[in-house]
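First up is the structure itself, then whatever we jot down about it.
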Amino acid sequence: MKILVINGPNLNMLGIREPDIYGADTYKDLCELIKKHADSVGAEVEIYQSNHEGYLVDKIQEAYGKFNGIVINPAAYTHTSVALLDALKAVNIPTVEVHISDVSTREDFRQISYIRSYCIKTITGHGFGGYIEAMDYLIQESEG
Ligand code: DQA
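Residue numbers for the sequence shown follow our numbering, beginning at 19 and rising by one.
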């Protein structure tokens, strides 16, 4: 199982940005947690972060034929990007949407997710653990 984990803008600032919402752990901590979990379940994982929408689109396109699962937290682009939705539809790889915070209880503008209609599952408000749940879900689905 090869999983690509994609993180959108400002997630590189975890640990610094709004710790009351996103916690005190850093982006490096998140990456280590994801890699450790992948090792423990025998999955291959690549982690990518960008603050630029087009780079995220490029990364999704490059996943075609290389990965059999995507975990994506598009961050603010969740609420604005048709381009990310179209890229995910284009490569047609099973994808789980993750948000660290519980977006459902936050501002109105966070209630829209353009990618949600494509994703096989959405996990919100479970902190960094949401990424682990997402990986496990993709593995479980791939094993049928
Ligand atoms: C987020 C929620 C988004 O609304 C926000 O723009 C983020 C992070 C989350 O993980 O909770 O940057 O995706």
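Glycine residues also receive a C-beta, built at the ideal position from the N, C-alpha and C atoms. Quantities reported herein were computed from a predicted structural model and do not represent experimental measurements.
Item: Excluding the 5 residues preceding and the 5 following Ala109 in the sequence, name in chain order all residues of the same chain whose CB lies nearer than 7 Å to its CB.; Value: Correcting the residue type first, residue 109 is Val in the shown sequence and not Ala. So the qualifying residues of the chain are Ile78, Gln79, Ala81 and Tyr82.
Item: Output needed for Gly87: all residues of its chain with C-beta closer than 6 Å, excluding positions within five of it in sequence on either side, in chain order.; Value: Ile21, Pro112 and Leu156
Item: Can you have a look at His70 and say buried or exposed, based on whether 16 or more other CB atoms are within 10 angstroms of its CB?; Value: exposed
Item: Answer with buried or exposed for Ala56, where buried requires no fewer than 16 other C-beta atoms within 10 angstroms of its C-beta.; Value: buried
Item: Any heavy atom of the ligand DQA closer than 7 Å to the CB of Asn28?; Value: yes
Item: Quick one: is Gly162 buried, meaning 16 or more other Cβ sit within 10 Å of its Cβ, or exposed?; Value: exposed
Item: Taking the DSSP output, what are the residues bridged to His117?; Value: Thr142
Item: Using only the alpha-carbon positions, how far apart do Glu50 and Ile150 sit?; Value: 12 Å
Item: Pick out the complete beta strand (DSSP E) segments inside the stretch 36 to 71, 3 residues or longer, and give them in chain order.; Value: 62 to 67
Item: Per DSSP, what are the beta-bridge partners of Val23 in this structure?; Value: Ile65 and Val89
Item: Just to confirm my understanding: we take Tyr40, look at its own chain, exclude 5 residues before and 5 after, and list those with CB closer than 7 Å. What are they?; Value: Leu32, Ile118 and Ser119
Item: So for Ser160, helix, strand or coil by DSSP?; Value: helix
Item: Examine the ligand DQA and report whether any of its heavy atoms sits within less than 7 Å of the Cβ of His144.; Value: no
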